[in-house]
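Number of protein chains: 2
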Amino acid sequence: MEKMYLKVEDAAQVLKLMGDKTRLSIMRFVNVDECCVCELVELLGLSQPAISQHLRKLKDAKLLNEQRKGHWVFYSINKEHPAIEVVQGILDALPNGKQELEELSNNNLRIICD
Amino acid sequence: MEKMYLKVEDAAQVLKLMGDKTRLSIMRFVNVDECCVCELVELLGLSQPAISQHLRKLKDAKLLNEQRKGHWVFYSINKEHPAIEVVQGILDALPNGKQELEELSNNNLRIICD
DNA sequence: TTATTATATAAGCAAATACGAATATAAGGT
DNA sequence: ACCTTATATTCGTATTTGCTTATATAATAA
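The following block contains the structure:
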C-alpha cells in the first residue's frame, strides 16, 4: 500500500483548528468518549455559545461527528478523517481527558443516554 | 523511561504556528536541509519581510535554529524541541520539500556556504 | 568610505478570530 | 398548549494575524 500524503493546505487547516487550547482539549475529551455540549461547557469553563462555536468549526472540518440523543447533542471524534493519524499522534503526546471526565462522573455531571 | 506529556497550551502554540501553510512549508523545507531566507522567499513566493516575520515566530517558539554564514542567515529545524516528535509526525504525513529544493539547485538558486 | 546584498524591524491596515450577550430553535415533560 | 432544558445562531467587539511599504541593520567587496 502506497503512503498517502496530505495536502499542505489541508494539514494546515487541521493544525490551525487544533492550535487553540479550547479546541485541542475538546479533541482530547472526545478522544476518550463522546461528549455533549453541556459536558464540554463544564469541563472547559467557557460559555455555551463559545463551546458551540468551536464545535461547529471542528464539525465543519469533519474532525467531529454529531449525534443528537434527546435533549443532548453528542460529539465524537471522526476516525475516518484523512488526517486522523496526525490527529491521534498529536493527542497521544498530551495527557488525555480521562481523568477530568472521571471527575465529572464523580460529581454526577456526566450525561448518560443509552 | 516514563512517557513525557506536553502541556496543552504548549502543544496548542506549536500547532497554531504550524497551522499556517507558509510556516508549515517552511518546516517542510528546513526538515530536508537548512535554508536561508532568500531560498525560502524563492520557494514560497512571498516577500522577504513576510518570510522573515514567519521565521521569527518559528524561531521565538524554538522550533527553528538560526545560524549566520556571511551574508546569509540559515534556519534549521530544532531537533531538541520538546514537541519534536509531534512536529516530525506532522511533517511525515506531508510531501517533503526535497523535490522543490532540488529544482532550486537545478536553477542555481541554492546558496552553498561551506 | 561607499556601495551592494541579505536580512530584520517598524508601522499601518484589512481580514480573521474568539468571545459574550441576546435571541432562535429543538426536544421533552407537564 | 406551555414551560424548561439543551443547543445553535446572530451580532457586536476587542484582539490577533499576515501582509505590504518603508526603513534599519549586518556583512562583504570595491
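Chains A and B, in that order, give the protein sequences. Counting with the working numbering, you get residues -16 to 97 for the letters of the first sequence. Counting with the working numbering, you get residues -16 to 97 for the letters of the second sequence. In this text, a Cβ means the ideal position worked out from N, Cα and C, and glycines have one as well.
Chain B contact residues for residue i, given Cβ-Cβ distances below 8 Å
i        : result
A/E17    : The premise fails here: A/E17 is roughly 20 Å from chain B at the closest Cβ pair, so nothing lies under 8 Å.
A/L(-11) : A76 and L77
A/E(-15) : By Cβ distance, chain B contributes nothing, its closest Cβ being about 13 Å from A/E(-15), past 8 Å.
A/E(-8)  : K4
Boundaries (first-last residue) of the alpha helix (DSSP H) holding residue i
i        : result
B/M10    : K4 to V15
B/M(-13) : Element bounds for B/M(-13): n/a, residue is neither H nor E.
A/C96    : Unbroken run through A/C96: none, as it is neither H nor E.
A/L27    : V20 to L27
Contacts of residue i in chain A (Cβ-Cβ under 8 Å)
i       : result
B/K(-1) : L(-2), K(-1), G2 and D3
B/A44   : Residues of chain A passing the Cβ test: none, with the nearest at roughly 12 Å.
Beta-carbon neighbours of residue i, restricted to chain A and to distances below 7 Å
i       : result
B/V139  : With chain B covering only -16 through 97, there is no way to say anything about residue 139 of chain B.
B/A(-5) : G2, D3, K4 and L7
- Message: Suppose only complete runs of 3+ residues qualify. What are the beta strand (DSSP E) ranges in the region 41 to 93 of chain A, listed by chain order?
- Response: 47 to 52 and 55 to 60
- What residues from the region 56 to 89 of chain B come within 8 Å of chain A, judged by C-beta to C-beta, listed N to C? A66, E68, V69, G72, I73, A76, L77 and P78
- Task: Note down, in chain order, all residues in the region 2 to 14 of chain B with a beta-carbon under 9 Å from any beta-carbon belonging to chain A.
- Result: G2, D3, K4, T5, R6, L7, S8 and R11
- Item | Segment contact, 8 Å Cβ cut-off, at least three pairs: the region 3 to 19 of chain B with the region 77 to 84 of chain B | yes
- Message: Pairs of beta-carbons, one from the region -10 to 3 of chain B and one from the region 30 to 48 of chain A, closer than 8 Å: are there three or more?
- Response: no
- Examine the Cβ distances between the region 21 to 34 of chain B and the region 89 to 97 of chain B and report whether three or more of them are shorter than 8 Å. yes
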